[in-house]
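K.L.:
For reference, the structure I am asking about is given below.
In this note's numbering, the protein residues as written are 22 to 177.
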């Protein structure tokens with residue numbers, strides 16, 4: 022996937038999208054940072070995730086927590102719902118997104134509203150409010166097939 026389309030769902034090649042941030046470029050907006058952090062989860066890049074979290078919200082054992090998460094969770098899909106502030110000229114912003122992931126043999130849908138601040142010209146993740154639930158067998162599948170989940174990815 023590192024040679025293919027970016028994990029964040031932008032439709033752009035990884036190298037020209039989130040890959041450039043993982044290699045040192047600075048996200049210009051809160052949404053770019055959020056997308057690059059999602060991609061870092063997909064790439065299992067704990068160092069990037071730690072480097073882009075505000076120090077006030079970074080626990081001493083964060084790296085161990087991330088590595089444990091990397092081993093247990095496969096990230097499937099990201100969809101940005103909305104962005105409030107977080108532009109190049111702002112100093113704070115929030116981004117709400119939906120992420121589909123797979124763990125323990127089941128698919129889950131997580132909706133998070135993440136808060137970001139800009140310090141020293143860099144956007145940093147602060148915190149998020151999360152609604153996390155197992156995908157219901159009768160809801161429309163996340164893949165866009167139009168089928169009920171139980172007849173699509175839920176049938177696997």
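Backbone N, C-alpha and C fix where the C-beta goes; we use that ideal spot for every residue, glycine too.
1) For residue 72, count neighbouring C-beta atoms within 10 Å of its own C-beta (all shown protein chains included) and say buried if the count is 16 or more, exposed if not.
2) In chain order, which continuous runs of the alpha helix (DSSP H) of length 4 or greater are located wholly inside the segment 30-117?
3) Are at least three pairs of beta-carbons, each pair with one atom in the segment 140-151 and one in the segment 51-59, less than 8 Å apart?
4) For the beta strand (DSSP E) that residue 132 lies in, which residues bound it at each end?
5) Which of helix, strand or coil does DSSP assign to residue 155?
6) Using a Cβ-Cβ cut-off of 8 Å (strictly less than) and excluding sequence neighbours within five positions of residue 93, which residues of its own chain qualify?
7) So what's residue 27 in DSSP terms, helix, strand or just coil?
8) Might you give, ordered along the chain, the residues of its own chain that have their beta carbon closer than 7 Å to the beta carbon of residue 63, omitting 5 neighbours on each side?
9) How would you label residue 109, buried or exposed, when you count the other beta carbons within 10 angstroms and need 16 or more for buried?
10) Taking 8 Å as the limit between beta carbons, can you name the residues of its chain near residue 106, skipping five residues before and five after?
11) Excluding sequence positions up to five away, which residues of its chain have a Cβ less than 7 Å from the Cβ of residue 48?
12) What does the Cβ neighbour count give for residue 24, buried or exposed, with the cut at 16 atoms within 10 Å?
13) Contact defined as beta carbons within less than 8 Å: I believe residue 127 pairs with residue 100. What is the distance between those atoms, to the nearest angstrom?
14) If you measure from the beta carbon of residue 136 to each beta carbon in chain B, is any gap under 7 Å?
P.N.:
In short:
1) exposed
2) 39-43, 51-64, 67-72 and 83-93
3) yes
4) 127-140
5) strand
6) 124 and 125
7) coil
8) 28 and 96
9) exposed
10) 51, 113, 114 and 115
11) 42, 54, 57 and 144
12) exposed
13) Actually they do not touch by this definition, with Cβ atoms about 19 Å apart.
14) Within the model displayed, chain B is absent; a lone protein chain is all it includes.
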